[in-house]
Amino acid sequence: MACPFQMGLQDATSPIMEELLHFHDHTLMIVFLISSLVLYIISTMLTTKLTHTSTMDAQEVETVWTILPAIILILIALPSLRILYMMDEINNPSLTVKTMGHQWYWSYEYTDYEDLNFDSYMIPTQELKPGELRLLEVDNRVVLPVEMTIRMLISSEDVLHSWAVPSLGLKTDAIPGRLNQTTLMAMRPGLYYGQCSEICGSNHSFMPIVLELVPLSYFEEWSASML
Amino acid sequence: MRPMSRTAADQKSLKEKKSPQSSLSIDENVELHHIQFNESFAEMNRSMNKWQKVAGATMLSGSFTALILIWEKHYVYFPAPHTSEEEWAAKQTKRMLDVKVSPIQGFSAKWDYDKNEWKKEEPATHPSEPCLLCHLHAAPATVVLQCQS
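Residue numbers (this note's numbering), protein chains in the order written: chain A, 903 to 1129; chain B, 4 to 152.
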């Protein structure tokens, strides 16, 4: 989850998120370099009293500032496409979990073996136990096994929602009448928080997602207890 | 534009004065410059104390904004939720450390799980060298990855 005054992305819990972190560093560095250059040029132009009103052409600099941005864009596009294709690699998931967005809660279905369904509502602020996170805790967390590839199928029963867990690098729209798929693979056990990421009405900010990643044996116990 | 102080004929005669530039008076030199340029370099670079107006306007608008914000905090906002109280924040922090939020570079990476305290900053390993680049030679901070299983 995010921390107060955090400026960067959350630590990666999945390999894809790690790649995205490094890509973000790379792209942000380019953005900072360009912005500093532009800021410098603007400040230089604004703090001089000299003028030159008879410029007719500037072929050389025009060539440079056409070719150079093209090169920079290619340098951004290549790692981006690499990660995009990496996300679509065939990975043979061990488990499939379906999640449906509602106004204003998520429901989860684990139907590979038995029929396990439950709803996940946000815990209101007045009902939180001491130390719990305001607007982020839910009554029923999504328990999943750690270090296993899981297929998430995401859809909606009413309006658009979006199922997002930032530390896993996941954000997939929940569209009524459509089934979207994403792959989840967490390397560390723990609790991972996310929030609905598509405006869906008055309580859009109050339908969080909490993943509880546990070892496989705990997951099996939990799913048996939930039936 | 600068008003013309000499007629065209006068300007031509001034330009055609054959004497070396240093023998012309300062005023004549400045007038020669003004035939072609609006201002001399000295005139162009004169200080105008514009900064005083800018600084004053900035501070005035900043203080006015602060007044609006103070009024807003007092008359408009609801009180802060009980989860921002110190006691709750302490329990919350403990819970975040127990769950190991961002243990690699973020939140939990700064907590020393063995000593049960926040990690202290590592001192440089070359205290006898007073060079400014000391921090580049210091050993990198060791990040202990907690056993996650």
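Here a beta-carbon is modelled for each residue, glycine too, at the ideal position from N, C-alpha and C. In this text, all values refer to a predicted model and were calculated from it rather than measured experimentally.
- At a cut-off of 9 Å between C-beta atoms, A:M1024 does not count as an interface residue with respect to chain B.
- Neighbourhood of A:T1027 in chain B, by CB distance below 9 Å: P84, H85, T86, in chain order.
- Using a 10 angstroms sphere on the CB of A:I992, the tally of other CB atoms stays under 16, which defines it as exposed.
- In this structure A:F1121 is buried. Its beta-carbon is surrounded by 16 or more other beta-carbon atoms within 10 angstroms.
- Near chain B, meaning a CB-to-CB distance below 8 Å, the residues of the stretch 1034-1054 of chain A are E1034, L1035, R1036.
- By the rule that beta-carbons nearer than 9 Å mark a contact, A:M1128 does not touch chain B.
- With a minimum length of 3 residues, the unbroken runs of beta strand (DSSP E) contained wholly in the stretch 1074-1111 of chain A fall at 1082-1086, 1092-1097.
- Here A:M1002 carries a strand assignment [DSSP, helix/strand/coil].
- Annotation: B:V79 is outside any alpha helix (DSSP H) and is labelled neither H nor E by DSSP.
- Distances from the alpha-carbon of A:T1013 to those of A:R984, A:T998, A:N1105 put A:T998 closest.
- The beta-bridge partner set that DSSP reports for A:M1054 consists of A:V999, A:T1084.
- A contact is defined here as three or more CB-CB pairs under 8 Å, and the stretch 1074-1081 of chain A meets this definition with respect to the stretch 1042-1058 of chain A.
- Looking from the CA of A:L1115, the closest CA among A:C1098, A:K951, A:I1101, A:M1089 belongs to A:M1089.
- In the structure shown, B:F44 adopts helical secondary structure according to DSSP, grouped into three states.
- The residue from A:A1066, A:L977, A:I1025 with its alpha-carbon nearest to that of A:T1001 is A:A1066.
- Close CB contacts of B:E31 within its chain, under the 7 Å cut and outside five residues either way in sequence, are with L17 (chain order).
- Within the same chain, and ignoring the five residues on either side of A:P1091 in sequence, the residues whose Cβ sits closer than 6 Å to its Cβ are V1048, L1115, V1116.
- Around the Cβ of A:H924, a 10 Å sphere holds fewer than 16 other Cβ atoms; the residue is exposed.
- In this structure, the beta-carbon distance from B:G109 to A:Q908 falls below 9 Å.
- Residue nearest to B:A92 within the set A:W1008, A:L935, A:Y1023, A:L1030 is A:L1030 (criterion: CA-CA distance).
- Distance from A:W1008 to A:I1111 at the Cβ level is roughly 6 Å; contact confirmed, criterion being Cβ atoms closer than 8 Å.
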